[in-house]
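In the working numbering, the protein residues as written are 17 to 131.
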């Protein structure tokens with residue numbers, strides 16, 4: 017089993033920045049892919065960014081150039097640096113880990129972009 021705990025959400029004004037963190041614990045394999053997903057109110061959960069254990073990254077078009085995903089394998093922690101935030105970035109951000117046939121989700125952290 018793997019446990020994922022997100023932190024760093026909050027209220028921010030448009031154009032502002034936030035840094036989300038996801039701490040992973042438990043039976044984590046050396047080869048895995050971690051990612052951030054966004055669920056806006058009333059909408060389906062969508063991929064924001066992915067990062068492999070080797071550091072390869074993938075971003076949704078909507079966040080390219082604004083958000084940066086990173087991870088510290090020694091700490092089993094993943095980050096999402098979000099900048100130039102827009103009201104449409106509002107929602108719950110979930111941490112995800114996939115390894116072999118296993119998938120895990122965190123509980124999510126709320127991000128609200130508003131004046």
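By construction, the Cβ of each residue, glycine as well, lies at the ideal position given by its N, Cα and C atoms.
By the three-class DSSP mapping on this structure, what secondary structure does residue i have?
i: residue 77; result: coil
May I have the straight-line CA-CA distance separating residue i from residue j, to the nearest angstrom?
i: residue 42; j: residue 34; result: 27 Å
i: residue 87; j: residue 131; result: 30 Å
i: residue 32; j: residue 103; result: 11 Å
i: residue 23; j: residue 48; result: 21 Å
i: residue 119; j: residue 30; result: 33 Å
i: residue 20; j: residue 57; result: 22 Å
i: residue 90; j: residue 84; result: 19 Å
i: residue 146; j: residue 46; result: No answer is possible for residue 146: it lies beyond the span of the chain, which begins at 17 and ends at 131.
Taking residue i as the reference, give the member of the options with the closest Cα.
i: residue 111; options: 78, 17, 95 and 128; result: 95
i: residue 109; options: 76, 122 and 117; result: 122
i: residue 15; options: 89, 105, 92 and 19; result: Here the chain covers residues 17 to 131 and nothing more, so residue 15 does not appear.
i: residue 37; options: 51, 45 and 44; result: 51
i: residue 97; options: 70, 59, 81 and 89; result: 81
i: residue 66; options: 19, 75, 83 and 79; result: 75
i: residue 17; options: 117, 124 and 70; result: 117
i: residue 99; options: 113, 59 and 79; result: 79
Once you ignore the five residues that flank residue i on each side, which residues in its own chain have a CB closer than 6 Å to its CB?
i: residue 101; result: 28, 32 and 129
i: residue 54; result: 62, 64, 107 and 109
i: residue 126; result: 25 and 108
Beta strand (DSSP E) containing residue i: first to last residue?
i: residue 40; result: 34-42
i: residue 113; result: 107-115
Tell me which residues share the same chain as residue i and place their Cβ nearer than 8 Å to its Cβ, disregarding the 5 neighbours each side in the sequence.
i: residue 92; result: 39, 40, 41 and 44
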